[in-house]
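K.L.:
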Amino acid sequence: MIRRTCYLSARHLNHHHHHCSFLFSTTSPEPPKFHSLKSIKMEGANEITREAKENVNQTKRKIFVAGATGRTGKSIVEQLLAKGFEVKAGVRDLAKARATFSKHGPSLQMVIADVTEGSDKLVQAIGDDSEAVICATGFRPGLNLFAPWKVENLGTVNLVEACCKLGVKRFILISSILVNGAAMGQMLNPAYLFLNIFGLTLVAKHKAENHIRKSGINYTIIRPAGLKNEPPSGNLVMEPEDTLYDGTISRDLVAEVAVEALDLPEASYKVVEIVSRADAPERTYEDLFGSIKQK
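Residue numbers (our numbering): 50 to 344.
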């Protein structure tokens, strides 16, 4: 008789169908002479259900990443691919994107997406096969002082509007601590002053955050402390909005928080601030996000 066992946790069934492994063991050389009608019906139904779930998951587990060739965006793309997601990378420069992601296969699709060019073009880029959008865009400091406003505020608003038009229900934004620095009494904080010299970057981010919160979309806004390119060190600390005003965190850890937030109910409709600290206890993402009470 042939026994088949599928090792699955409930969470894996929903999100990681590809991890399902089957164990075949032969306990007798002869197949059984008959099955009861009930067992045949149940087995058939289970097969159909499993296949249907797999088909649904295969078509829905595609994530659109805006700003995919940025240093944080690149880490988000790589971590999504490592977890078995398909990724649609929204980029402004295809040649740069191909050089950035030269080793990735068919799970990665690259599309032109300039967030400053309006929501209709973004609707085409995101498409109806993207389940969620992660926004990791950032402007390049330069002489154009309107650039931060176009990217950090209007660009993010355009992305949200495109999601609303498409019916994309999940939006994750990489923002920054101190976006509401004025209300926190941090207007003279050197980081606040520095980031706002370049065209009111933090003010632009905060305005975009407010738009997201009013849009009705299921959002997670992640505000990291100062970004480092080094590998993560210390443990993650997560605080409510308008709490942190200093510290640093690895871009790779920021990316991990964004990817983990995708499937955690505890992360829905929340603004969180994150930093790394050597003396912080190690906690699960469920615990970290669950500890934040949204205002």
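Yeah, the Cβ is synthetic: ideal placement off N, Cα and C, and Gly gets one too.
So the alpha helix (DSSP H) Tyr241 belongs to, where does it begin and stop?
P.N.:
Start and end: 239-246.
K.L.:
Between which residues of its own chain and Glu305 is the CB-CB distance below 7 Å, once the five residues before and five after are set aside?
P.N.:
Hits under 7 Å: Gln128.
K.L.:
By a C-beta neighbour count over all protein chains shown, 10 Å radius and 16 as the cutoff for buried, is Ile246 buried or exposed?
P.N.:
When all chains shown are included, Ile246 counts as exposed.
K.L.:
Would you identify the three-state DSSP class for Leu222, choosing helix, strand or coil?
P.N.:
Strand at Leu222.
K.L.:
Which same chain residues end up closer than 7 Å to Asp163 when comparing Cβ atoms and leaving out the 5 residues on each side of it in sequence?
P.N.:
Taken in chain order, the residues that qualify are Arg141.
K.L.:
Can you give the Cα-Cα distance for Leu208 and Ala327, rounded to whole angstroms?
P.N.:
Straight-line Cα distance between these residues: approximately 36 Å.
K.L.:
According to DSSP, is Arg110 helix, strand or coil?
P.N.:
DSSP places Arg110 in coil when its eight states are reduced to three.
K.L.:
Per DSSP, Met287 is paired with what?
P.N.:
In the DSSP output, where bridge partners are listed per residue, Met287 has Ile323.
K.L.:
Quick check on this structure: which residue in Pro289, Trp198, Thr205 has the alpha carbon closest to the alpha carbon of Cys184?
P.N.:
Comparing Cα-Cα distances from Cys184 to each of Pro289, Trp198, Thr205, the minimum goes to Thr205.
K.L.:
State buried or exposed for Met236, treating a residue as buried only when at least 16 other CB atoms are found within 10 Å of its CB.
P.N.:
Per the 10 Å Cβ criterion, exposed.
K.L.:
Would DSSP call Asn267 helix, strand or coil?
P.N.:
Note: Asn267 maps to strand in three-state DSSP.
K.L.:
Of all the beta strand (DSSP E) runs that stay within the bounds of the segment 153-200, which reach a length of 3 or more residues?
P.N.:
Counting whole runs of 3 or more residues, the segment 153-200 contains the beta strand (DSSP E) stretches 157-161, 181-184.
K.L.:
From Tyr294 to His255, what does the alpha carbon distance come to, in whole angstroms?
P.N.:
Answer to the nearest angstrom: the Cα atoms are 15 Å apart.
K.L.:
Contact check, Ile298 vs Lys319 under 8 Å by CB: the rounded distance?
P.N.:
Not confirmed; about 17 Å, so no contact.
K.L.:
By the three-class DSSP mapping on this structure, what secondary structure does Lys342 have?
P.N.:
Reduced to three states, the DSSP call for Lys342 is coil.
K.L.:
Report back the beta-carbon spacing between Asp301 and Ser124 to the nearest angstrom; my notes put them in contact at under 8 Å.
P.N.:
About 5 Å separates the two Cβ atoms, so the contact holds.
K.L.:
Count the other CB atoms within 10 Å of the CB of Pro80; is the residue buried (16 or more) or exposed (fewer)?
P.N.:
With a pLDDT of only 43 at Pro80, under 50, the local geometry of the prediction cannot be trusted, and no value is derived from it.
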